[in-house]
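K.L.:
Got a structure for you, written out below as structure tokens; questions coming shortly.
2 protein chains.
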Amino acid sequence: MTKNEDTAFAANNRNRVRRGLKRASYDKNLVYGIIDSHFLCHVGFEVAGQPYVIPTSHWREGNKLYWHGSSKSMMIRHLAKGNPATVAITQLDGLVLARSAFSTSVNYRSVVAYGRPRLVEDDDAFNYHMERFFEMLAPGRWSELRPMTETERKATGLLEMEIEDASAKVRADPPGDSDEADFPVWAGVVPISMGQHTPEAAPEGEAAPLKHGLLNAYNLPLR
Amino acid sequence: MTKNEDTAFAANNRNRVRRGLKRASYDKNLVYGIIDSHFLCHVGFEVAGQPYVIPTSHWREGNKLYWHGSSKSMMIRHLAKGNPATVAITQLDGLVLARSAFSTSVNYRSVVAYGRPRLVEDDDAFNYHMERFFEMLAPGRWSELRPMTETERKATGLLEMEIEDASAKVRADPPGDSDEADFPVWAGVVPISMGQHTPEAAPEGEAAPLKHGLLNAYNLPLR
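Chains as they are written, first to last, in the working numbering: chain A, -10 to 212; chain B, -10 to 212.
Below, the structure is given as structure tokens:
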């Protein structure tokens, strides 16, 4: 294995970025960082020629992506059989207003990852990965929760997908048409970001105070 | 056509929501409202059994979705041939922390829409729909822009997709396990929202002041 194969996904017919090449990267650390920056992903798969796209929450360990759902859901059942999945993670960072429609763009960080998921069936592995997910959302919370019942465990399908290949695209620039700077229209970037707000306790009241930080792993400033 | 068919998409084998039924809706106004609430979508399609998911910007008129891209891109070329597309729009509204892992959830508004796009080839229609997109992003801006050149027009593929069917899912509730309210762990919702920040002029300086509002069509408060 060459150094490059250690640190970057090989580009192939599936993950090679064909448009906007200067935005593209196969660097694993960049890909992993974007994956870890959000817990919302969109999972694509196809059944009998019909494409499906399902939003869900994901997390990562090493070169593997994880997401879960109802074990009875079409997505989990279909992908547990080893069918191919495509997982997209997208962060929207700004609207880029250029002097022309053609140069108008958005700033973003996105990853598309490809693989064939499998079902995590071992209970210890299931618990380990679910705890890691909660460590991203609310560190320390997993051990405070009412433990999972056997019925709940059976109703939950956890998928693990080794990332076979992936690509990232990133745009983080001002308008690309500075050569048209004299054209008399304002040009620039409108930054966009996501944030969190003060937690709202359940209406039935607080049985215990909120002890842990929330969403620490994501860049979600308190508004 | 019955009243219901006027106001709701018929549920079929493709768009019927099978899990979380109480979150599901086929109401057209709800579907359209969620589509219009964001300009980021994820487009799914498949080529020779391989699913693809591409993030892009969309807009809507009536029962039709629009998005554009490089006319040479795999997505535009593939979908211009009449192949099926699935478009997902997802708004993340909060992290729902329940007393159990099983009841932990997110608040969200999401739509998945199905159809077979076609390329908009007529120039008047192309300009009309592009102007409508800009009216969502920056009202009044289209007519201020440096006009599109013929080369740029040829390089831009605009797709139009009649929504054949769609479904919405919405969760906007506190934790669902109020029957376990005595369990001694904090439970509630961490609201999440997206916002915009003060526009940043291009570094080469302002050739004209910013005259129009920005992103007025979306709920993106200024932070």
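We put the CB at the ideal spot given by N, CA and C, even for glycine.
Mind pulling the chain A residues with CB within less than 9 Å of B:M183?
P.N.:
Going along chain A in sequence order, the residues near B:M183 (Cβ under 9 Å) are L81, I181, S182, M183, G184.
K.L.:
Mind checking if A:L10 is an interface residue toward chain B, Cβ cutoff 9 Å exclusive?
P.N.:
Closer than 9 Å: no.
K.L.:
Can you check whether the C-beta of A:L148 is within less than 9 Å of a C-beta belonging to chain B?
P.N.:
No - not a single Cβ of chain B is within 9 Å of the one on A:L148.
K.L.:
Measure the Cβ-Cβ separation of B:Y207 and B:F(-2) and say whether it is below 9 Å.
P.N.:
Contact: no.
K.L.:
Locate the alpha helix (DSSP H) running through B:M125, then write down its first and last residues.
P.N.:
Here the alpha helix (DSSP H) through B:M125 covers 112 to 126.
K.L.:
Kindly indicate which residue of B:P40, B:P180, B:V20 has the alpha-carbon position closest to the one of B:G229.
P.N.:
Because chain B in this structure spans residues -10 to 212, residue 229 of chain B falls outside the shown range and cannot be described.
K.L.:
Does the CB of B:Y97 have a neighbour CB from chain A at under 9 Å?
P.N.:
Yes, its Cβ sits closer than 9 Å to a Cβ of chain A.
K.L.:
For B:I43 and B:D171, what's the separation of their Cα atoms in angstroms?
P.N.:
The alpha-carbon atoms of B:I43 and B:D171 are separated by roughly 44 Å.
K.L.:
Who are the neighbours of A:P192 on chain B, taking C-beta pairs under 8 Å?
P.N.:
Within 8 Å Cβ-Cβ: P163, S167.
K.L.:
Enumerate in chain order the residues of its own chain whose CB-to-CB distance from B:Y21 is below 7 Å, with the five nearest sequence positions on each side excluded.
P.N.:
Contacts found: R49.
K.L.:
Within 10 Å of its beta-carbon, does A:N96 have 16 or more other beta-carbons around it, so buried, or fewer, so exposed?
P.N.:
Its Cβ being crowded by 16 or more others within 10 Å, A:N96 is buried.
K.L.:
Looking at chain A, is there any beta carbon in it that lies within less than 9 Å of the beta carbon of B:L38?
P.N.:
Residue 38 of chain B is actually Gly in this sequence, not Leu. Closer than 9 Å: yes.
K.L.:
So, using beta-carbon positions, are B:K70 and B:A144 closer together than 9 Å?
P.N.:
In this structure, B:A144 does not lie closer than 9 Å to B:K70 by Cβ.
K.L.:
Can a CB atom of chain B be found closer than 9 Å to the CB of A:H31?
P.N.:
It does: the Cβ of A:H31 has a partner Cβ on chain B nearer than 9 Å.
K.L.:
Based on the DSSP secondary-structure assignment, which residues constitute the bridge partners of A:S26?
P.N.:
Per DSSP, none; premise fails for A:S26.
K.L.:
Spatial neighbours of B:A127 within its chain, please: CB distance less than 7 Å, with the 5 preceding and 5 following residues excluded, ordered by chain position.
P.N.:
Counting only Cβ-Cβ distances below 7 Å, and skipping sequence neighbours, we find H201, L203.
K.L.:
Along chain B, which residues have their Cβ under 8 Å away from the Cβ of A:F172?
P.N.:
The answer, in chain order, is R135, A196.
K.L.:
Should B:Y15 be flagged as near chain A, meaning a C-beta pair shorter than 9 Å?
P.N.:
Closer than 9 Å: no.
K.L.:
Do B:I152 and B:K11 have their C-beta atoms closer together than 9 Å?
P.N.:
No, the pair does not count as a contact, with Cβ atoms beyond the cut-off.
K.L.:
Tell me which same chain residues have a C-beta within less than 7 Å of the C-beta of A:T45, skipping the five on either side of it?
P.N.:
Answer for A:T45: C30, V32, W56, G58, listed in chain order.
K.L.:
Does the beta carbon of B:W175 come closer than 9 Å to any beta carbon on chain A?
P.N.:
Closer than 9 Å to some Cβ of chain A, the Cβ of B:W175 qualifies, so yes.
K.L.:
Which first and last residues belong to the alpha helix (DSSP H) in which A:I65 is found?
P.N.:
It spans 63 to 69 - the alpha helix (DSSP H) in which A:I65 sits, taken as one unbroken run.
K.L.:
Sorted by chain position, which residues of the same chain lie with C-beta nearer than 7 Å to B:F123's C-beta, five sequence neighbours on each side aside?
P.N.:
So the qualifying residues of the chain are R130, W131.
K.L.:
Give the DSSP-derived three-state secondary structure of B:Y207 in the structure shown.
P.N.:
B:Y207 falls in the coil class under three-state DSSP.
K.L.:
If we count the other Cβ atoms within 10 Å of its Cβ and call it buried at 16 or more, is B:Y117 buried or exposed?
P.N.:
By the 10 Å Cβ count, B:Y117 comes out exposed.
K.L.:
Taking CB distances under 9 Å as the criterion, tell me whether A:A206 reaches chain B.
P.N.:
False, the Cβ-Cβ gap to chain B never drops below 9 Å.
K.L.:
To the nearest angstrom, how far is it from the Cα of A:M137 to the Cα of B:H186?
P.N.:
If I take the Cα positions, the gap works out to 42 Å.
K.L.:
Taking the CB atoms as reference points, tell me whether A:N18 and A:Y103 lie closer together than 9 Å.
P.N.:
Cβ distance not < 9 Å, so A:N18 and A:Y103 don't count as in contact.
K.L.:
Looking only at its own chain, which residues have a Cβ that is under 6 Å from the Cβ of B:Y15, when we skip the five neighbours before and after it?
P.N.:
Excluding sequence neighbours, B:Y15 sits near A(-3), F(-2), A0, S156.
K.L.:
Is the CB of A:R3 under 9 Å away from at least one CB in chain B?
P.N.:
So yes, A:R3 belongs to the interface.
K.L.:
What first and last residue would you give for the beta strand (DSSP E) that runs through A:K158?
P.N.:
From DSSP, the beta strand (DSSP E) with A:K158 extends over 154 to 160.
K.L.:
Does B:G177 pass the burial test, meaning 16 or more other C-beta atoms within 10 Å, or should it be called exposed?
P.N.:
B:G177 should be labelled buried.
K.L.:
Compute the beta-carbon to beta-carbon distance between A:P40 and B:P40, rounded to the nearest angstrom, for a pair I have assumed lies under 8 Å.
P.N.:
About 6 Å; that satisfies the 8 Å criterion.
K.L.:
Can you check whether the C-beta of A:T(-9) is within less than 9 Å of a C-beta belonging to chain B?
P.N.:
Note that A:T(-9) scores a pLDDT of 48, beneath 50, so its modelled location is shaky; the value from the coordinates is reported in the next line. Closer than 9 Å: no.
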